[in-house]
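Counted the way the UniProt record's numbering counts, the sequence shown spans residues 1 to 121. We treat Cβ as the ideally placed atom computed from N, Cα and C, and that holds for glycine. Quick notes on the structure that follows.
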Amino acid sequence: MKLRNSFHPYAMITIVFWSLAYVLTRLALQYFSAFSLGFLRYFTASCTLAVVAVYTRMKLPHKADLPTFLAAGAAGFFFYLSNEGISILENAAHIGLPIPEKLKNALEQLHGRSNEEDEKK
């Protein structure tokens with residue numbers, strides 16, 4: 001098997017970067033804000049992807065596929081924000097902030113709990 005067509009070097013590079021990500025993020029947070037660090041990470045990833053795309057002569061997607069890509073991206077943001085909203089709502093309920101009854105019922109249905117189970121705790 002030729003090394004150029006093998007995925008092993010790429011896998012090893014990925015493992016090294018993933019293994020260093022936590023440590024380097026902790027170190028970088030001492031010098032950068034979380035927003036700046038997030039921007040730098042995404043900017044670096046975008047530049048790297050652009051270099052790889054040019055090097056491999058990656059073709060652009062067909063125009064017919066663009067709505068699918070946009071829908072997938074929008075769905076990703078929707079699910080992320082929904083998850084964050086649920087998390088914030090749960091934390092607010094745990095510290096005793098007043099939550100509208102409809103939202104409280106929706107949370108209970110999500111977790112499969114009833115008021116009786118909550119009263120036992």
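If you compare alpha carbons, which of the options is closest to residue i?
i: isoleucine 88; options: Lys104, Ala75 and Gly76; result: Lys104
i: threonine 56; options: Glu108, Ile95, Ala92 and Asn5; result: Asn5
i: serine 83; options: Pro67, Leu107, Gly96 and Ile15; result: The identity of residue 83 in the sequence shown is asparagine, whereas the question assumes serine. Residue Leu107 is the option with its Cα nearest to asparagine 83.
How would you write the range of the alpha helix (DSSP H) that residue i sits in, first residue to last?
i: isoleucine 86; result: 66-94
In three-state DSSP terms, what is residue i?
i: asparagine 5; result: coil
i: phenylalanine 39; result: helix
i: isoleucine 99; result: coil
i: tyrosine 31; result: coil
i: arginine 26; result: helix
i: lysine 59; result: coil
Would you grab the beta carbon distance between residue i and residue j for me? Rounded to a whole angstrom, and I think it's under 8 Å.
i: alanine 93; j: isoleucine 86; result: That belief does not hold up - the Cβ atoms of alanine 93 and isoleucine 86 are roughly 11 Å apart, past 8 Å.
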